[in-house]
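Working notes, beginning with the structure itself.
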Amino acid sequence: MQHCASASTSSSYSQSAFPVLPGGRPNFLDSRIQRELKCWCQRAVAPVEDESSSARDVVRRDLNSLPKPLSATHFSSSSSDGKMVRVAYQGVPGAYSEAAALKAYPKCETVPCDHFEAAFKAVELWLADKAVLPIENSVGGSIHRNYDLLLRHRLHIVGEVQLVVNLNHCLLGLPGVRKKELKRVLSHPQALDQCELFLNELGVTRVTADDPAHAAQIVVCEGVRETGAIASTRAAEIYGLDVLAEGIQDDSDNVTRFLILAREPIIPGTTRPHKTSIVFSLDEGPGILFKALAVFALRGINLSKIESRPQRRRPLRVVDDSNRGSATYFDYLFHIDFEASMAEPRAQYALGHLQEFARFLRVLGCYPMDTLP
Numbered sequence: 001m002q003h004c005a006s007a008s009t010s011s012s013y014s015q016s017a018f019p020v021l022p023g024g025r026p027n028f029l030d031s032r033i034q035r036e037l038k039c040w041c042q043r044a045v046a047p048v049e050d051e052s053s054s055a056r057d058v059v060r061r062d063l064n065s066l067p068k069p070l071s072a073t074h075f076s077s078s079s080s081d082g083k084m085v086r087v088a089y090q091g092v093p094g095a096y097s098e099a100a101a102l103k104a105y106p107k108c109e110t111v112p113c114d115h116f117e118a119a120f121k122a123v124e125l126w127l128a129d130k131a132v133l134p135i136e137n138s139v140g141g142s143i144h145r146n147y148d149l150l151l152r153h154r155l156h157i158v159g160e161v162q163l164v165v166n167l168n169h170c171l172l173g174l175p176g177v178r179k180k181e182l183k184r185v186l187s188h189p190q191a192l193d194q195c196e197l198f199l200n201e202l203g204v205t206r207v208t209a210d211d212p213a214h215a216a217q218i219v220v221c222e223g224v225r226e227t228g229a230i231a232s233t234r235a236a237e238i239y240g241l242d243v244l245a246e247g248i249q250d251d252s253d254n255v256t257r258f259l260i261l262a263r264e265p266i267i268p269g270t271t272r273p274h275k276t277s278i279v280f281s282l283d284e285g286p287g288i289l290f291k292a293l294a295v296f297a298l299r300g301i302n303l304s305k306i307e308s309r310p311q312r313r314r315p316l317r318v319v320d321d322s323n324r325g326s327a328t329y330f331d332y333l334f335h336i337d338f339e340a341s342m343a344e345p346r347a348q349y350a351l352g353h354l355q356e357f358a359r360f361l362r363v364l365g366c367y368p369m370d371t372l373p
């Protein structure tokens with residue numbers, strides 16, 4: 001049987017496996033998936049003898065209703081028409097990032113993007129008004145790629161969204177398929193890790209995909225009864241899959257935090273709790289990091305996040321601090337989230353104090369805190 005991607009020879013899928021028609025730049029915000037993808041998916045799926053007609057119809061369903069993801073290599077400037085907030089996210093329709101975007105802006109127009117950097121560029125080039133991107137997960141930890149992209153681009157953090165994944169990790173399959181028939185399960189590596197106990201009990205082969213919703217899309221295109229996906233119930237609705245099991249993650253307290261990015265910062269206020277995100281680098285020396293953190297402790301400011309990332313442009317530093325020669329140190333950037341608004345004098349004094357011994361300091365954004373319901 002032919003497949004949408006060569007599943008028999010590869011243990012992972014990438015969205016680049018899907019064909020893209022050549023030509024000029026389409027209208028990313030309003031266009032639908034090209035007809036060729038529909039025909040290609042139909043060619044890729046052969047009928048299965050024991051499948052019902054409804055199952056075959058789902059496998060061959062028309063995907064033209066889904067927007068085509070933006071690619072970072074196909075951008076040109078575009079103007080917003082002001083009719084609706086356009087929010088870029090990484091993934092395909094049904095992704096958890098899309099759910100976070102809809103939680104932040106319930107009436108927004110979501111703009112799927114191939115990669116994280118494509119979402120940054122969509123906002124910079126006015127193809128979208130905002131971007132919603134994951135930054136950390138309570139089980140899987142930080143998304144380091146997005147920390148690095150925050151420095152590479154000049155967007156501002158204007159908000160945050162916390163999304164509970166408790167009941168969102170579901171096992172999906174083609175209509176009529178039973179859980180025990182599955183031999184392979186596709187999803188994002190973090191989703192597979194977060195459902196390790198369930199998958200071990202099921203005894204299936206794990207195959208990685210770009211994101212959970214993309215895994216559901218692959219299951220539909222392949223039409224193989226032995227292949228399932230871990231994704232959300234929304235992905236099941238979009239792609240016409242059955243939910244074989246719900247809430248299959250190992251840890252019930254599974255929360256992902258997303259950042260909302262925009263071209264311009266917001267004016268910080270004091271009427272509700274705010275959070276400020278900064279990044280800085282320090283000179284080498286005894287207790288220098290302690291001194292940097294003390295500027296917040298001295299003013300009663302709580303730190304909610306500390307993350308260190310290597311300096312890509314200057315990964316090593318040579319310091320002559322002894323009579324025996326030079327010492328080599330790794331050079332790091334420090335990302336900090338602290339719970340105070342830049343409209344408060346104590347936050348202004350803290351950053352002024354930090355500037356006295358920081359080699360580099362940048363405020364990434366000051367924004368209202370999101371509290372889980």
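Residue numbers for the sequence shown follow UniProt numbering, beginning at 1 and rising by one.
All C-beta atoms, glycine included, are put in the ideal place defined by N, C-alpha and C.
Predicted model only: the values in this text are computed from it and were never measured.
Taking C-beta atoms as the reference points, C366 and T271 fail to come closer than 8 Å.
With contacts defined by Cβ atoms closer than 8 Å, T227 and L186 form a contacting pair.
By the 16-neighbour rule on beta-carbons within 10 angstroms, R257 is buried. Straight-line spacing of the CA atoms in A100 and P286 works out to 42 Å. Judged by beta-carbon spacing, D337 lies within the 8 Å limit of S304, meaning their Cβ atoms are closer than that value.
Annotation for F334: F280 and S308 place their beta carbon closer than 6 Å to its own, counting only its chain and skipping 5 residues before and after.
Ranked by Cα distance from Y239, the options P106, V255 and H214 are led by H214.
Apart from sequence neighbours up to five positions away, the residues of its chain that approach P273 with a beta-carbon distance below 6 Å are M369, ordered along the chain. Membership of S341 in any beta strand (DSSP E) is not indicated, and neither H nor E is assigned to it by DSSP. Residue state for R178 is assigned as coil, using DSSP reduced to three classes. Where E109 is concerned, the enclosing beta strand (DSSP E) starts and stops at E109 to C113. Annotated three-state conformation of Q190 is helix, per DSSP.
One Cα belongs to E246, the other to Q162, and the distance between them is close to 20 Å. By the criterion of a C-beta distance shorter than 6 Å, V87 is surrounded in its chain by A101, Y105, C108, T110, K130 and V132, once the five residues flanking it on both sides are discounted.
By the neighbour-count definition (other C-beta atoms within 10 Å, threshold 16), F360 is an exposed residue. According to DSSP, residue pairing for S281 in a beta bridge involves L333 and F360. Counting along the chain, S308 sits inside no alpha helix (DSSP H); it lies in the beta strand (DSSP E) bounded by residues L303 to P310. Under the criterion of beta carbons closer than 8 Å, L172 and A216 qualify as touching, at roughly 6 Å. Residue state for Y96 is assigned as helix, using DSSP reduced to three classes.
Nearest to S341 by alpha-carbon distance, out of E356, A358, V363 and F357, is V363.
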